[in-house]
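> So that we are looking at the same thing, I have put the structure below in structure tokens.
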Amino acid sequence: VILADDAVLIRHGLARLLVDAGVEVAAEVSDAEQLLAAVADEPPDVAVVDIRMPPTHTDEGLRAAREIRSRWPTVAVLVLSQHVEIAYALRLLTGQEAGVGYLLKDRVADVEAFVAALERIAAGSTVVDPTLVAELVGRPRVDHPLTQLSARELEVLALVAEGLTDRGIAQRLYLSNKTVEAHVRSIFRKLELPAEATENRRVHAVLAYLRA
Amino acid sequence: MAGTVERLNLWSGGSTRWAAAFLVAGLTWAVLAEAVSVDGGEPVENAVLDGLAGASFTVAGAVALLRRPGNRIGPLMLAVGFTWFFGNFTAVHSAWPWAFAYTFEAVSACFIVWLILAYPTGFLPSKRQAGLVVAVAVTAVLSGILRTLSAHFLVYSGCTWCVRNPVPVIDNEGFHAAVEDAFDIVGAALAVVVFATVVARWHRATPAERRALRALWIASGLLALSYVAILLDQLLTLGANARPTFWSQHILVAAVPIVFLAGLLRLKLARGAVGRLLLEIEETPSHGALRNSLAAALRDPSIEVAYAVDSGGFVDADGHGVTLPGPGSGRAITYLDREGGRLGALVHDPVLVEQPELLSSVVAAARLALTNERLQALVRAQLEEVRASRLRIIEAADTERRRIERNLHDGAQQRLIGLRIAIQLARGRAAATSDGSDALALDEIDSEVLETIEELRRLAHGLHPAVLEDGSLADALDGLVLRAGLPVTVEATPDRPLAASVEAAAYYVVAESLSNAMKHSGATQVTIEARCQPDGLHVRVADDGEGGASIEPGGGLAGLRDRVEALRGQLDVVSSPRGGTVVHAAIPCE
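Here the protein sequences line up with chains G and B, keeping their order.
Under this note's numbering, read the first sequence as residues 1308 to 1519, first letter to last.
Under this note's numbering, read the second sequence as residues 407 to 996, first letter to last.
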């Protein structure tokens, strides 16, 4: 992976954590320009990008992420943010088939989960931060099909939105694959989402649906 | 009260006597001159026409002197009427009067040029034009002197009663003819320059000036035609008497002073508008109407009224600061002064300077209304200042919130994340080296740090949402809706980016209304609308709660109203037990 963050302490620490966990850190950079140069130099599996970087400290990371995805489609991008903002996540996801992720920055300290997320993204999945998904799912609504979902189905839906496969969800919830598949079919039916959707499409579909 | 309009008071009793004296003297002079001509062999018809043309200037000049005593056009026309007849005296049987008349025959042309160039004040507007008048005068006098000095010893040979030239300096007929020809050519060239100057002035003139100076354009046209008639008269020698060109030339010239006089009197007639102005002011004391009434009374649609503020400088009727145009801007300024200070200024078309009476009458009539409107303008200016300072305070607070939010994110939060990473690294080592109790302790510390981070994030977000900075209003509202503890429907959001301050205000209106709906109203759902309309952004937040919301000093809604009003907007709250609470804000987008 390539790490891009202007906070040196965090970048170094994260690099050490990742190396300890067996992830190869190819380069560490501190702004979007260096990031693009490093990716051009030797395209990594995943670029981990802080959303706020010099010069304006607003959304450089997001823009760099989109540029990487369009110029090097094989490079997955994980954007780290300090905000639980649906707008940022959607901006990142819009137009992306796969291989992107939006996580809260403090996730980096949960090494195992973080590495797992990296691997999912590298494998072409879409990952959205659970906090954000929880907010989306937990948001109160009236006359919304979501209210018809059972508690378990909501739980499964949240994990779908996080980009987990049925198998991954089964593992997380200690359920059989068959049960999860049944839940997912039920959810998609209740929400009138296309059931045959592929892994990443279904993340998008779910997010778009939840946002509505 | 106005500095430039004091000439109004020159209505002195003396001018009537002077006008009468000039009239009698001028007409006597005309009769005398034409008698001399007839005596010298001129047909009576011709003499009458010539006399009429000259006397027309005299009569118009006397009337102008009477009716517009401060104006120099009257004296100029009298001067034309007087010099017009110089040429007639070449027919006298006396050497020196003949020499005088023969020399200064063309002087009247100088005054006619002066009259044209200086209408309607009688003052030449620029050095260039003064130079033109001097050039005409020099040409007329110089050629007059040369032709006299070179006139044949006997004015015409073979005549029995002709006078002798008293100054026969150059006895050369060829030279004399050359002087005459040269005078004709230079004279024609100067005439062209004069008419070109008039045309250029018309071209430059504002519409108001063109209207006001209509007499000048007509008179110049008449003179140009008469000049053409003179040229034709010289080309077509149709016979001695009653040639159409001769007739028309004189009638055209005779009409010129009448046109000028009519123009002068018409300028004065505009005073009638003052009465109407007084009535209008009585009837329509409304805001901004005064300017329109003044524009109508002064016939200057471009007029602007500026009110003096005590700190120096000027404001318009709305209380917005204005800068008076400087020299060269093509605008004229009349300051309105009163005892103890300046009331304001009128910025108007320069042509009004030529109508001091009108200007001063209008200003006098409107003084009370002007004073009133100035007071209102000052109050508005103060309100505007208060509003601007309120906006500055809010913007300063926003900037500070943004700064704190940044510092929390980029400082404390980053450090805490770094701390978590350090804890994880230490935990990895602890797990490898000790029995696991250290690792457990580190896990506990880690979860504490994690909670702190989350608390900080919520705190920072409440201060100032970052997405408002780098996203759209719709994005920021999405976030609010997401975090709202009750169902929210967003019906509309703006389709284009708005000014940051407007978006921030809209965001806080929604945020505060949502939080009120959640905390106090017992509402079960909320509807949000943010629409761009021609008059600005309309934000409406409606809940179905039990109402009871009101704008109270120091409350959240009062803060919102301050924010919205600082942007020249308006905030209304309608709250009833049945209808729930509706917060509506309209914020101009510019």
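Glycine is no exception: its CB is placed at the ideal position from the N, C-alpha and C atoms.
None of these values were measured; they are calculated from a predicted model.
Taking the alpha-carbon positions, what's the Ala872/B to Met1360/G distance?
Each residue's alpha carbon lies about 14 Å from the other.
> Considering only the alpha carbon of each residue, which of Val894/B, Arg808/B, Glu801/B lies closest to Ser907/B?
For the residues Val894/B, Arg808/B, Glu801/B, the minimum Cα distance to Ser907/B belongs to Glu801/B.
> Can the beta-carbon of Gly725/B be found closer than 8 Å to that of Glu790/B?
Taking 8 Å as the Cβ cut-off, Gly725/B and Glu790/B qualify as a contacting pair.
> In three-state DSSP terms, what is Asp1357/G?
In this structure, Asp1357/G counts as strand in the three-state DSSP scheme.
> Under 7 Å, CB to CB, which of the residues in the stretch 697-729 of chain B have a partner in chain G?
Within the stretch 697-729 of chain B, no residue has a Cβ that lies closer than 7 Å to any Cβ of chain G.
> Just to confirm the assignment, what range does the beta strand (DSSP E) spanning Gly750/B have?
Note, Gly750/B: beta strand (DSSP E), 747-754.
> Contact criterion: CB-CB distance below 8 Å. Does Ala369/B meet it with respect to chain G?
A question about residue 369/B goes unanswered here, because the residues of chain B that appear run from 407 up to 996.
> Do you know offhand how far Thr603/B's Cα is from Trp623/B's?
Cα to Cα, the separation comes out at about 11 Å.
> For the alpha helix (DSSP H) containing Leu1471/G, list its first residue and its last residue.
Here Leu1471/G belongs to no alpha helix (DSSP H), and DSSP marks it neither H nor E.
> Suppose you measure from the CA of His1364/G to the CA of Asp1313/G; what does that come to, to the nearest Å?
Distance between the alpha carbons of His1364/G and Asp1313/G: 10 Å.
> Please determine if the stretch 648-661 of chain B and the stretch 444-462 of chain B are in contact, where contact requires at least 3 C-beta pairs separated by less than 8 Å.
Yes: the two stretches touch, three or more of their Cβ pairs being nearer than 8 Å.
> Cβ closer than 8 Å: which chain G residues qualify as neighbours of Ile859/B?
Ordered by position in chain G, the residues that pass the 8 Å Cβ test against Ile859/B are Asp1413.
> Run through the DSSP bridge pairs and tell me what Thr895/B is partnered with.
According to DSSP, which records beta bridges pairwise, Thr895/B is partnered with Thr933/B.
> Could you tell me the boundaries of the beta strand (DSSP E) in which Thr1433/G lies?
Unbroken beta strand (DSSP E) run through Thr1433/G: 1433-1435.
> Would you tell me roughly how many angstroms separate the C-alpha atoms of Pro805/B and Leu879/B, rounded to the nearest one?
Residue identity differs from the one stated: residue 805/B is Thr in this sequence, not Pro. When rounded, the distance between both Cα atoms is 18 Å.
> Compute the distance between the beta-carbons of Val1422/G and Ala1328/G, then report whether it is under 8 Å.
Against a cut-off of 8 Å, the Cβ pair of Ala1328/G and Val1422/G comes out as a contact.
> Kindly indicate which three-state DSSP category Glu511/B falls into: helix, strand or coil?
Three-state DSSP puts Glu511/B in coil, outside helix and strand.
> Which same chain residues end up closer than 7 Å to Ala648/B when comparing Cβ atoms and leaving out the 5 residues on each side of it in sequence?
Note that Ala648/B scores a pLDDT of 46, beneath 50, so its modelled location is shaky and nothing firm can be said.
> Mind listing which residues of the stretch 1319-1345 of chain G have their C-beta closer than 7 Å to chain B's C-betas, in chain order?
Per Cβ criterion, the list reads Gly1320, Leu1321, Arg1323, Leu1324, Asp1327.
> Sort Ser462/B, Gly965/B, Leu874/B, Arg984/B by Cα distance to Ala660/B and report the nearest one.
If we check each option's Cα against that of Ala660/B, Ser462/B comes out closest.
> Using CA atoms only, rank isn't needed, just tell me which of Leu548/B, His609/B, Pro503/B is closest to His582/B.
Of Leu548/B, His609/B, Pro503/B, the residue nearest in Cα terms is Leu548/B.
> Touch check for the stretch 972-988 of chain B and the stretch 893-904 of chain B: three-plus C-beta pairs under 8 Å?
No: the two stretches stay apart, fewer than three of their Cβ pairs being nearer than 8 Å.
> Within the same chain, show all residues whose beta-carbon is closer than 7 Å to that of Leu1464/G, passing over the 5 residues directly before and after it, in chain order.
Here the set comprises Val1444, Leu1456, Ile1494, Val1513.
> Are any of the Cβ atoms in chain G nearer than 8 Å to that of Gly885/B?
It does; some Cβ of chain G falls within 8 Å.
> Using the Cα positions of Gln1478/G and Ala1424/G, report the straight-line distance between them to the nearest angstrom.
Roughly 15 Å between the two C-alpha positions.
> Can you tell me which of the three DSSP states Ser556/B falls into?
Coil.
> Whose CA, out of Gly493/B, Val469/B, Asp743/B, lies closest to the CA of Leu482/B?
Looking at the Cα atoms, Val469/B is the closest of the given residues.
> From the beta carbon of Glu875/B, is the nearest beta carbon of chain G less than 8 Å away?
For Glu875/B, the answer is yes, since a Cβ of chain G falls inside 8 Å of its Cβ.
> Apply the 10 Å Cβ neighbour rule to Leu892/B and answer buried if 16 or more other Cβ atoms are within range, or exposed otherwise.
It is buried - the Cβ of Leu892/B has at least 16 other Cβ atoms within 10 Å.
> Output yes or no for whether 8 Å exceeds the beta carbon distance between Val1435/G and Ile1428/G.
No; because the gap between Cβ atoms is not below 8 Å, this pair is not in contact.
> In angstroms with no decimal places, state the Cα-to-Cα distance between Leu1411/G and Asp941/B.
Leu1411/G and Asp941/B: Cα-Cα distance of roughly 40 Å.
> Give a yes or no on whether 8 Å exceeds the smallest Cβ distance from Glu1392/G to chain B.
At least one chain B Cβ lies under 8 Å of Glu1392/G.
> Using a Cβ-Cβ distance under 8 Å, would Ala872/B count as near chain G?
Closer than 8 Å: yes.
> Would you report the Cα separation of Gly476/B and Leu776/B, rounded to the nearest angstrom?
Their backbone Cα atoms lie some 27 Å apart in a straight line.
> Quick check on the burial criterion: 16 or more other C-beta atoms within 10 angstroms. Buried or exposed for Gly868/B?
Exposed, because fewer than 16 other Cβ atoms sit within 10 Å of the Cβ of Gly868/B.
> When we look at the beta-carbon of Val1326/G and count the other beta-carbons within 10 Å, is it buried (16 or more) or exposed?
By the neighbour-count rule (16 or more Cβ atoms within 10 Å), Val1326/G is not buried but exposed.
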